[in-house]
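**Q**
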Amino acid sequence: MDIIKNLEINVFSMVILGILYVKLYTKSKQLFSDRIFKYMLLSGLFLIAASTATWIVNGRDGSIFYLLNWATNILQLMFTPLPALLWIVYADYEIFRSREQAKRKGFRFAAIVLIDAVLVLTTPLNGLIMTVDADNIYSRGPWFLFHVMFNFFLILYVTMLILKNRSRIETRNFWTLLLYPVPTIIGAILHTSFYGVSVTWPSYVIAVLILYCNLLDVGIKTDYLTGLFNRRVIDSYVAEKIAASTKKKSFSAIAIDLDEFKQINDRFGHDEGDAALIWVAQLLKRSIGTESMIARYGGDEFYVVLNTDNREELTAIMEKIIFNLKAHNREKAKPYEIHLSMGADVYDAASGYDAEGFMKHLDGLMYRQKEEHHQMARIHADFCI
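Mapping to the working numbering: the sequence shown position 380 is 368, numbers consecutive.
(1) For residue 256, collect the residues of the same chain with a Cβ closer than 8 Å to its Cβ; drop the 5 residues on either side in sequence, then sort them by chain order.
(2) Taking the C-alpha atoms as reference points, what is the distance between residue 27 and residue 134?
(3) Keeping to the same chain, check which residues put their C-beta closer than 7 Å to that of residue 221; ignore five residues upstream and five downstream.
(4) With DSSP as the reference, identify every bridge partner of residue 334, one or two as the case may be.
(5) Could you tell me which whole alpha helix (DSSP H) segments of length 4 or greater appear in the segment 73 to 126?
(6) Is DSSP giving residue 289 helix, strand or coil here?
(7) With DSSP run on the structure shown, which of helix, strand or coil describes residue 233?
(8) Within a Cβ cutoff of 8 Å, which residues of the same chain sit near residue 295, ignoring the five residues on either side of it in sequence?
(9) For residue 96, which option in 181, 73, 165 and 175 has the closest C-alpha, if you only look at C-alpha atoms?
(10) Could you tell me whether the segment 324 to 344 touches the segment 301 to 312, where touching means 3 or more Cβ pairs closer than 8 Å?
(11) Beta-carbon within less than 7 Å of residue 6's beta-carbon, same chain only, minus the 5 sequence neighbours each way: which residues are those?
(12) Could you check what DSSP says for residue 358 in three-state terms: helix, strand or coil?
(13) Can you name the start and end residues of the alpha helix (DSSP H) that residue 68 belongs to?
(14) Which residue comes first and which comes last in the alpha helix (DSSP H) that contains residue 171?
(15) Nearest by alpha-carbon distance to residue 108: which of 31, 312 and 60 is it?
(16) Would you list, in sequence order, the uninterrupted beta strand (DSSP E) runs of no fewer than 3 residues that lie entirely inside the segment 13 to 59?
(17) Quick check on residue 40: buried or exposed, where buried means 16 or more other Cβ atoms within 10 Å of its Cβ?
(18) Could you say which of 66, 80 and 126 lies nearest to residue 102 if we only look at CA atoms?
(19) CB residue 81 to CB residue 89, shorter than 9 Å?
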């Protein structure tokens, strides 16, 4: 491919990444995932700039161009794993919603990436990864494929992580997370197989654009703390389900409240309160699956909308939630127990309820159970006295 066309493609790719970075940089409130995505953009910009420099200096006469050819290629090869490393951190956070865990995983894999970096740094001595000949022409070394496979290993790890934790991920996010690296993989395979075909970075830009569009969508529809849908989405979804309901086909829903949430905040701090909310969100995902709609309505209240009008199935799902909740409390991993109050019902098309009315109906059932829990707690306290 002509060097001018390669440069044009790289510059175009850099412009797109630069625009996305500016858009994200000027965002007033940046979440952890936003910051990781921003670093992914910066790493892409740096690598495309390094790639562009290699095309410019390759084959030019003069000792300065010879040194620059070595330097730019080494920099590019050293930092090539960086987007994949950041992708591991991003995907881990999207799955588990834990900043600390995502950071720890990032540091662990960074230590592994150092092995590849050391190998690249020593290539001027042994020519294993690449070399530059006396005519200042770059060529791949006998171990270049090892470097490529190392990067594929990082992507394979993320893919397996996503597939293994399928039940934790909302359907709308699952396919975005799973397919994000595909354009880059295709571009890298073409670039590795046909040297001179510069499609790696345009492919990376396509992948980043897909992820960015998902970020915009998630930002509008998602509760930032738990990763569940937010109130706006659940209100619209319940209205749609009601509009489509008939006497023969309906749906069911559950209103869920985290009992004594204020006491958790007051006694153990807001960080622990946030952790409790995140745990409840994960509990609901594990207990219900990803095909149902799960949302955080606000504060300590959640809603679940199920694609069933069978009361036995509804009861079985609630029992599964309770079973998993009790199993968690038995582990005593926290200095407090988590308890939930639930109000559930199958929507009756003949009831005349609109979305607001049906959700108030569920709230009433839920608060009735909450009051029963309070009465049981008072009886237990009196008995202990």
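The C-beta atom is built at its ideal place from N, Cα and C for all residues, glycine as well. From a predicted model like this one, the values you see are computed outputs, not experimental measurements.
**A** Concretely, from the data shown:
(1) 323 and 324
(2) 26 Å
(3) 209 and 283
(4) 240
(5) 87 to 109 and 111 to 114
(6) strand
(7) coil
(8) 239, 279 and 280
(9) 73
(10) yes
(11) 33
(12) helix
(13) Counting along the chain, residue 68 falls outside any alpha helix (DSSP H), and DSSP gives it neither H nor E.
(14) 170 to 181
(15) 60
(16) none
(17) buried
(18) 66
(19) yes
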